[in-house]
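Peer 1:
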Ligand code: NAD
Ligand code: UDP
Ligand code: UDP
C-alpha cells in the first residue's frame, strides 16, 4: 500500500523550519541527476510544483539550461554543474538518478552508468536516502520474449555497438541491487521504454525527435531498415507520474514504465505525417547494428503494485511536442548542450 508506506517514509524525515509541501507532509530534499535533460527537467517541474526542494546535478553533456531556466530564482531549486563520475557530498532524502548519455550518438563515450551510479549509491548509503535508478527497456536487448515482462533476462550482445548502453544499465541495475542487499540501501528500479515529448534533444538521433524535426524542416523522414521493427512510445508526463509513484511506493522493482501501444516505424511515420504535415515523405536508410526487432512492455506489474498506467496515446501526445520543436527549430536551437 503505497499511501500508508510513503507517509511513514515522509514522517521519518521531517525537518524543522522546512516549507510544508501540501497537506500532511513536509517537503523533501530531492536530488535529480540528469535533471537538465528531457525526462529530468519534466520530473523536476513536478517535484517543485508539489513543494519539494530540488537539487539538479548535471554536466550538460546532452542537457540544457533552457530546460530549467524557468526555475532559476526559485528558492527551492538549485542547479550544480557536476559530472556524477566524480564523488559529491550532499544531504538529501531522495535521489532520482537519471544522468546518462542516453541516445545512440552520445552513449558510446562515457562511463556514467557504472561510476555515476556507484557514486550516487554511495551517497544514498551514507545519508540514508532513497535511490531510484532509471534503467531502460534496452536491458532486454533484441528480445526473444514478446511483450517483455520484468522477469525476462534479455538478449544482449555484450560486445556490440549498443552494448555500452545496454550493459552499462544492466551493470547499474546490478550495483543497485547489491547496495540494496549488501548495504541496506532503499532502492527503486524503473525500466523505461521509448519516451517522447517537449524538450527532447533535437539532434540525438531518436526516432520520434528525428521524424518530428524532419517534417517541420520539410525533409523526408528517415526510416531505417524496412521500417517494420516496432517500438512502444510513451508520453513524458506518463513516465514522470510512474517514476514518482515508484519512488513513493514500497516496491523495489524492477518495473517496466512504458506505453503498451506498439507501432512499426512506418506506422509512426504515418502518425507524424497526419499530425504535422500531410505532404510529408519518407526515405529508407540502412539500419544500425543490433537493432531490436520489436519491443513492447508488459506493464501488469506496475498496474497492480504502483496503481500506474499511461493515459496519453501516441496520437494525443505527438501534437503536444510539435510547438516546442517548431519554436526551437525556428530559433536555430539545435538542442546541443550549452
Ligand atoms: P537526456 O540526454 O535528455 O538526459 C540525460 C541527462 O543526463 C542530460 O541532462 C545530461 O547532460 C546528463 N548527464 C549525462 N552524463 C552525465 C554525467 N556524467 N554527469 C552529470 N550529468 C550527466 O536523456 P533522457 O531521455 O532525459 O533520459 C533520462 C534517463 O532516462 C536516462 O538515464 C535514460 O537512460 C533513461 N531512459 C530514457 C528513455 C527515453 O526514451 N527518453 C528510455 C529509456 C531510459
Ligand atoms: N560517494 C559519494 N558521495 C557520498 C558518499 C560516497 O560520491 O556522499 C562515492 C564514493 O566516493 C565512492 C562511491 O560513492 O566512490 C561508493 O561509496 P561507498 O561508500 O559505497 O564505497 P567505498 O567508498 O567504501 O568504496
Ligand atoms: N529509427 C528510424 N529512423 C530514425 C531513427 C531511428 O527508423 O531516424 C529506428 C531505429 O532503427 C529503431 C527505432 O527507430 O528501430 C527506434 O530507435 P531509437 O533510437 O529512437 O530508440 P531505440 O532503438 O533505443 O529503441
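Residue numbers (UniProt numbering): 90 to 427. Beta carbons are placed, not taken as given, at the ideal position from N, Cα and C, and that holds for glycine. Remember, predicted model here, so these are calculated numbers, not experimental data.
#1: Could you check whether residue 318 and residue 382 sit closer than 8 angstroms to each other, using their CB atoms as the reference points?
#2: With residue 224 as the anchor, note down where its beta strand (DSSP E) starts and where it stops.
#3: Can you name, in chain order, every residue of its own chain whose Cβ lies under 6 angstroms from the Cβ of residue 224, other than the five neighbours on each side?
#4: By DSSP's criteria, residue 312 is part of a beta bridge. Which residues make up the other side?
#5: Nearest by alpha-carbon distance to residue 346: which of 416, 371, 310 and 394 is it?
#6: Run through DSSP, which three-state label would residue 229 get?
#7: Measuring from the CB of residue 212, is there a heavy atom of ligand 1 at a distance below 7 angstroms?
#8: Over what stretch of residues does the beta strand (DSSP E) that includes residue 417 continue unbroken?
#9: Cβ-heavy atom distance between residue 289 and ligand 3 below 7 angstroms?
#10: Under 8 angstroms between the Cβ atoms of residue 457 and residue 384?
#11: Can you list, in chain order, the residues of its chain whose CB lies under 8 angstroms from that of residue 309, leaving out five sequence neighbours each side?
#12: Just to confirm my understanding: we take residue 342, look at its own chain, exclude 5 residues before and 5 after, and list those with CB closer than 6 angstroms. What are they?
#13: Across which residues does DSSP place residue 169 in a beta bridge pair?
#14: Per the contact definition of three or more C-beta pairs closer than 8 angstroms, is the stretch 394-409 in contact with the stretch 322-340?
#15: Only counting the same chain, and skipping five residues up and downstream in sequence, which positions put a Cβ closer than 8 angstroms to that of residue 157?
#16: Express the C-alpha separation of residue 286 and residue 138 in angstroms, rounding to a whole number.
#17: Can you tell me whether residue 375 is buried or exposed, with buried defined as 16 or more other CB within 10 angstroms of its CB?
#18: Going by alpha carbons, who is nearest to residue 351 out of 283, 173, 246 and 244?
#19: Closest to residue 229 by CA distance: which of 255, 215 and 212 is it?
#20: Just to confirm before moving on: does the CB-CB distance between residue 379 and residue 227 stay below 8 angstroms?
#21: Return the chain-ordered list of same chain residues with a C-beta closer than 7 angstroms to the C-beta of residue 307, the five sequence neighbours on each side being excluded.
#22: Grouping DSSP H, G and I as helix and E and B as strand, with all else coil, what is residue 285?
#23: Kindly indicate which three-state DSSP category residue 378 falls into: helix, strand or coil?
#24: Please name the residue or residues paired with residue 213 in a DSSP beta bridge.
#25: Can you name the start and end residues of the alpha helix (DSSP H) that residue 118 belongs to?
#26: So, at 6 angstroms on beta carbons, what are the nonlocal neighbours of residue 96 in its own chain, with the 5 sequence-adjacent residues on each side left out?
#27: Assuming the contact rule is C-beta atoms closer than 8 angstroms, residue 219 and residue 180 should be a hit. Round their C-beta distance to whole Å, please.
#28: Using DSSP with H/G/I as helix, E/B as strand and the rest coil, what is residue 161?
#29: With a threshold of 16 other CB atoms inside 10 Å of the CB of residue 407, please say whether the residue is buried or exposed.
#30: Compute the beta-carbon to beta-carbon distance between residue 264 and residue 201, rounded to the nearest angstrom, for a pair I have assumed lies under 8 angstroms.
#31: Closer than 7 angstroms to a non-hydrogen atom of ligand 2 - does that hold for the CB of residue 176?
#32: If you draw a straight line from the alpha carbon of residue 421 to that of residue 291, how long is it in whole angstroms?
#33: For residue 176, does the count of other Cβ atoms within 10 angstroms reach 16, so buried, or fall short, so exposed?
#34: Going by CA-CA distance only, name the one from 247, 349, 353 and 334 that's closest to residue 316.
#35: Buried or exposed: which applies to residue 299, given that a residue is buried once 16 or more other Cβ atoms fall within 10 Å of its Cβ?
#36: Can you have a look at residue 100 and say buried or exposed, based on whether 16 or more other CB atoms are within 10 angstroms of its CB?
Peer 2: Looking at the atomic coordinates:
#1: yes
#2: 219-225
#3: 258, 262, 278 and 280
#4: 373
#5: Distance check between residue 346 and each of 416, 371, 310 and 394 places 394 closest, using alpha-carbon atoms only.
#6: helix
#7: no
#8: Taken as a continuous stretch (DSSP letters only), residue 417 belongs to no beta strand (DSSP E), being part of the alpha helix (DSSP H) at 408-419.
#9: No.
#10: Beyond the ends of the chain as shown, which are 90 and 427, falls residue 457; an answer cannot be given.
#11: For residue 309, the CB contacts under 8 angstroms within the same chain, skipping 5 residues up- and downstream, are 303, 369, 370, 371 and 372 in chain order.
#12: Contacts found: 277 and 278.
#13: For residue 169, which the question treats as bridged, DSSP gives the partners 146.
#14: yes
#15: 124, 125, 130, 133, 145, 166 and 168
#16: Here the C-alpha atom of residue 138 lies approximately 19 angstroms from the C-alpha atom of residue 286.
#17: A residue is called buried when at least 16 other Cβ atoms come within 10 angstroms of its Cβ; residue 375 does not meet this threshold and is exposed.
#18: 283
#19: Closest by alpha carbon: 255.
#20: no
#21: none
#22: strand
#23: coil
#24: Answer is none; residue 213 lacks a bridge partner.
#25: Per DSSP, residue 118 belongs to no alpha helix (DSSP H); it is in the beta strand (DSSP E), 118-122.
#26: Per-residue confidence for residue 96 stands at a pLDDT of 39, beneath the threshold of 50, marking its modelled position as unreliable; no derived number is given.
#27: About 14 angstroms separates the two Cβ atoms, so there is no contact after all.
#28: Three-state result, residue 161: coil.
#29: buried
#30: Actually they are not in contact, since the Cβ atoms of residue 264 and residue 201 sit about 12 angstroms apart, beyond 8 angstroms.
#31: Correct: residue 176 has its Cβ closer than 7 angstroms to ligand 2.
#32: 11 angstroms
#33: exposed
#34: 353
#35: With 16 or more Cβ atoms within 10 Å of its Cβ, residue 299 is classed as buried.
#36: For residue 100, the predicted model reports a pLDDT of 36, less than 50, meaning its position is unreliable; a value from the coordinates is still stated below. Answer is exposed; the Cβ neighbour count stays below 16.
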